[in-house]
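Quick note, the sequences are listed as chains A and B, same order.
For the first sequence, my numbering gives the first residue as 1, with consecutive numbering after it.
For the second sequence, my numbering gives the first residue as 1001, with consecutive numbering after it.
Idealized CB from N, CA, C, for every residue including glycine.
Here's the structure we're looking at; comments come further down.
Number of protein chains: 2
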Amino acid sequence: MAPVPSGVLGAVDPTSDRAVFRQIADQLREAIDRGRFKEGSKLPSEAELVEHFGVSRMTVRNSIGVLQSEGLISAEHGKGVFVRPRPPVRRLASDRFARRHRDQGKSAFIVEADAAGSRPEVDSLEVKEEKPSRDISARLGSPRKVLARRRRYLLDGRPVEFAVSYLPLDLARGTRIAEPNPGPGGIYARLEEAGHRLDHFDEEVRARMPSPGEAKMLRLASGVPVIHLVRTAYDTEGRAVEVCDTVMAADAYVLAYQLPAT
Amino acid sequence: MAPVPSGVLGAVDPTSDRAVFRQIADQLREAIDRGRFKEGSKLPSEAELVEHFGVSRMTVRNSIGVLQSEGLISAEHGKGVFVRPRPPVRRLASDRFARRHRDQGKSAFIVEADAAGSRPEVDSLEVKEEKPSRDISARLGSPRKVLARRRRYLLDGRPVEFAVSYLPLDLARGTRIAEPNPGPGGIYARLEEAGHRLDHFDEEVRARMPSPGEAKMLRLASGVPVIHLVRTAYDTEGRAVEVCDTVMAADAYVLAYQLPAT
DNA sequence: GAGGCATACTCGTATAGACGAGTGGGCAAG
DNA sequence: CTTGCCCACTCGTCTATACGAGTATGCCTC
């Protein structure tokens, strides 16, 4: 068994006020912050840490759990514990739905990812009519049924976002919006073609820990929150024509907005 | 020892593929979701769950740890484990910095909280000159020194937000901006009085788990992420006149933005 | 050389036991 | 009645042990 690299980790004080597993977590955290353990590199194994600190394995695992829930490290069964690499971040600009970006043949996600040098994918495509939840219904002006478009976005094979668009059925039925591929410019282009000129979008941003289902769908390591974004699109007559409910891996995104000072 | 309320929790299958502690976590999660355990109410104690499921205490604690890191429950030493109440949420509208909101004598935070029926407080006031970090420096156009204004916001005694404003020293020195209380309308009003008419703000929004320091400062339960918001204020000449770096308890906020469709 | 297997190392799950420390209620002494 | 103590109950920390399961490596066989 390889020893812990000397000088990187010190000793613990069992008589200290601070719990031993917290002291170990502190030392590992500091070593990571200082770059003693680099991004993506392997930490000493549990057995090595047990040896080094002279504590039981559960104590070591406890300290590892602390850092996992902080999102600093992630354990991989059979391989080891690694410093979590910071994934490339996708920046969402506040003008991303501007009309001038809708001319292209490809969706905004694809265009943007290509430009950033990432390999984009979209899967889990499902388009179906359903009864809206109370919340969605209220946002859309209480339609009896809605068209729901579900899809998952991936970058370089990693799922980063899961989104569901809801549209009142009378706007969507019989148009390309009700088909898996809505065509160039996406559903917003189709809505405008149908005479629903878009006026503005309202976005609500929340952050929270993922449900187990969300964690699975986005393959999230523990300690990674999600950004929950609900966007409502309004046409020039003030009618809500679409609600998009999106859950994003928080470590893959930064949202950018511009606010007026007037 | 009180038994677990009958019918709420079933049994576990030790031969199942799914780990026992996950099965227990699943059952507790479902019971909470279904409202069998209400917000703020006490879950069965560890000892009771040990008895009910016929497993060891560490297994029960493990399952409790799962739900804690999901933000669903929080344990209180000596009292029990409780369903985490969802605190009242503060909504930040995208027009919150509009000029018309700066007429009042009180700060936006105070006015808003009063209107919502909460008791607002501001503490940790610190105003001092310092050398900017590389990031802040870049955003402000590389000033040698900046004025930093630190403060923490509380609602009904609960800390919800910690913010630091940075301003180039030449804009702030010798004005009320350099004093703890910048006067009615806040520092933006003072900047405009000094001839720096504000044009717009850029906001960057991220979500992540808190550092230990942040968790302490905001008294965050485990499983509560933070929203990290960096706002840059620009005057009509395009100069960055302030950067505000804010860390918010994610369970206390929802951010609202309006995006143009043009 | 290629394939497959054994093995060592990794983390995951679970048990049993012990003591510490925070909380709150009840009881006894004043 | 009030005060203060004790105790029961709660979660927190830690040890020691065992076995399971995923991964990688190297050797052995073909």
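{"query": "Cβ-based burial, residue 77(A) [other Cβ within 10 Å; buried from 16]", "result": "exposed"}
{"query": "As assigned by DSSP and simplified to three states, the class of residue 1020(B)", "result": "helix"}
{"query": "Candidates 244(A), 121(A), 200(A) and 206(A): closest to residue 156(A) by CA position", "result": "121(A)"}
{"query": "Simplified DSSP assignment, three categories, for residue 1043(B)", "result": "coil"}
{"query": "Beta-ladder partner(s) of residue 1075(B), from DSSP", "result": "1081(B)"}
{"query": "Residue-chain proximity (residue 204(A), chain B), Cβ-Cβ < 9 Å", "result": "yes"}
{"query": "Proximity test, Cβ basis, 9 Å: residue 52(A) and chain B", "result": "no"}
{"query": "Bridge partners - residue 228(A), DSSP secondary structure assignment", "result": "206(A) and 247(A)"}
{"query": "Simplified DSSP state of residue 69(A), which is helix, strand or coil", "result": "helix"}
{"query": "Where the beta strand (DSSP E) containing residue 142(A) begins and where it ends", "result": "Per DSSP, residue 142(A) belongs to no beta strand (DSSP E) and is neither H nor E."}
{"query": "Residue burial classification, residue 1146(B) (beta-carbon count within 10 angstroms, cutoff 16)", "result": "buried"}
{"query": "Residue 1232(B) classed as buried or exposed, judged by whether at least 16 other C-beta atoms fall within 10 angstroms", "result": "buried"}
{"query": "Where the beta strand (DSSP E) containing residue 221(A) begins and where it ends", "result": "Counting along the chain, residue 221(A) falls outside any beta strand (DSSP E), and DSSP gives it neither H nor E."}
{"query": "Whole-number beta carbon distance between residue 1191(B) and residue 1171(B), since they are thought to touch under 8 Å", "result": "7 Å"}
{"query": "Which of helix, strand or coil DSSP assigns to residue 1200(B)", "result": "strand"}
{"query": "Simplified DSSP state of residue 100(A), which is helix, strand or coil", "result": "helix"}
{"query": "Spatial distance of residue 1168(B) from residue 1204(B) (CA atoms)", "result": "20 Å"}
{"query": "Beta carbon of residue 1243(B) nearer than 9 Å to that of residue 1136(B)", "result": "yes"}
{"query": "Chain-order list of residues whose beta-carbon lies under 8 Å from that of residue 238(A) (same chain, five-residue window excluded)", "result": "199"}
{"query": "Nearest-angstrom Cα separation, counted from residue 251(A) out to residue 207(A)", "result": "11 Å"}
{"query": "Nearest neighbour of residue 1070(B), chosen from 236(A), 213(A) and 209(A) [CA to CA]", "result": "209(A)"}
{"query": "Pick from 1075(B), 1006(B), 1021(B) and 1044(B) that is closest to residue 1060(B), judged by C-alpha positions", "result": "1021(B)"}
{"query": "Alpha-carbon spacing of residue 220(A) relative to residue 253(A), whole angstroms", "result": "14 Å"}
{"query": "Closest by C-alpha distance to residue 125(A), when choosing among 179(A), 143(A) and 62(A)", "result": "179(A)"}
{"query": "Through-space distance from residue 1033(B) to residue 1008(B), alpha-carbon basis", "result": "12 Å"}
{"query": "Proximal residues of chain A, C-beta to C-beta of residue 1107(B) below 9 Å", "result": "The contacting residues do not exist; residue 1107(B) stays about 17 Å from chain A at best."}
{"query": "For residue 1167(B): DSSP bridge partner residues", "result": "1147(B)"}
{"query": "Cβ of residue 283(A) within 9 Å of any chain B Cβ", "result": "No answer is possible for residue 283(A): the residues shown for chain A start at 1 and end at 262."}
{"query": "For residue 1161(B): DSSP bridge partner residues", "result": "1153(B) and 1248(B)"}
{"query": "Distance between residue 1262(B) and residue 182(A) (C-alpha atoms, nearest Å)", "result": "21 Å"}
{"query": "Proximal residues of chain A, C-beta to C-beta of residue 1262(B) below 7 Å", "result": "98 and 99"}
{"query": "Rounded straight-line distance, which links the Cα of residue 1099(B) to that of residue 111(A)", "result": "37 Å"}
{"query": "Status (buried if at least 16 other CB within 10 Å, exposed otherwise) for residue 1(A)", "result": "exposed"}
{"query": "Coarse secondary structure for residue 63(A), derived from DSSP in three states", "result": "helix"}
{"query": "CB-CB length for residue 1073(B) against residue 1043(B), believed under 8 Å", "result": "7 Å"}
{"query": "Where the beta strand (DSSP E) containing residue 256(A) begins and where it ends", "result": "253-260"}
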